[in-house]
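Count along the sequence shown starting at 1, add 26, and that's the number in my numbering.
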Amino acid sequence: MKIIRYLDSNHQVHHGIEKDGRSFRAKGDLYAGLSATDEAADVAKLLAPLVPAQILCIGLNYRHHAEETGAKMPEHPILFVKGVSALQNPGDPIQIPTRAASEQVDYECELAVVIGRPCKNATRENALDHVLGYTCANDVSARDWQIQWGGGQWCRGKFFDTFAPLGPCLVTPEDLPDPNQLKIATILNGERVQDWNTDDMIFDVPALIEFLSASTTLVPGTVILTGTPQGVGMAAKPPSWLKPGDTVSVEIEGIGELTNPVEMEP
Ligand code: ZN
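Structure representation (structure tokens):
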């Protein structure tokens, strides 16, 4: 099942369900269960498919990306967080920060895993039972704030408004049974700058849920960003940074394409 969230022409927020290429307004609750009505979805504007309860992120989780940064392979998953205030909708702009000015804003295509029911001390075997669905994420990163001015941790450079675009839809596990066999790409101004597969993750999705839920409750609405493959702008020679007027898309097999323009923070 593909689930969307949208504003209708009366500015009301709804979920919708896509069936046979058409979208229908959904009834029910995202976590308790949605079902399609027979009313066509009046989509005036597509929104991120959920408002996350929290956004947990994993760094350096693809072998070839860890190599391109020169970092050593992590022995445990590297956890950092993004604020829920960083959420951005499909089609809305990624804003290059001006007050906390950055000249090194970068893209990262990532598979986002959405937890659907409370999850604590999951095992590898039952980890995926807690997953509500999957969507595309762009882990937008201000590398200067992440690496030079972040006080030794990455949150500052990852936390700015608009730095967590999610979408375009949430795909439930029956339509995406193996999250670690998916093509994943970033398209920047028409050029495929990242083009890889989630099978290169050092810690796969069950391992991440087992790790993150250890002694820790993952509440429904927890979004896990699972890391990015090689090809980030920071590793290009010379480095290439996002600039106003760019268009950046994250594309994941079986989910779709999350596209955002880039502009300066007004
Ligand atoms: Zn990332």
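Idealized CB from N, CA, C, for every residue including glycine.
- Fewer than three pairs of CB atoms, one per stretch, sit closer than 8 Å, so the stretch 111-119 makes no contact with the stretch 209-219.
- Excluding five sequence positions before and after L158, the CB atoms of its chain that fall closer than 6 Å to its own CB belong to V140 and G142, given in chain order.
- Within the same chain, and ignoring the five residues on either side of K28 in sequence, the residues whose Cβ sits closer than 6 Å to its Cβ are E44, C195 and V197.
- Judged by their CB atoms, F229 and P116 are not nearer to each other than the 8 Å cut-off.
- For a cut-off of 8 Å, the C-beta gap from T248 to A79 is around 6 Å, short enough to register as a contact.
- Cα atoms of E134 and E277: separation of roughly 11 Å, rounded to the nearest angstrom.
- Three or more Cβ pairs closer than 8 Å define a contact, and the stretch 46-61 falls short of that threshold against the stretch 220-238.
- A163 is not a Cβ neighbour of F186, given a cutoff of 8 Å.
- In this structure, DSSP gives D201 a helical state, which the three-state scheme calls helix.
- Closer than 7 Å to some heavy atom of the ligand ZN: that describes the Cβ of C83.
- The straight-line gap separating the alpha-carbon atoms of Q207 and R89 is approximately 15 Å.
- Here G259 is buried: its Cβ has 16 or more other Cβ atoms, across all protein chains shown, within 10 Å.
- For the pair H37 and L76, the Cα-to-Cα distance works out to about 16 Å.
- Taken through DSSP and simplified to helix, strand or coil, L56 comes out as coil.
- DSSP places E279 outside both helix and strand once states are collapsed to three, so it counts as coil.
- From the listed residues L238, A262 and L72, the smallest Cα separation to R218 is found for A262.
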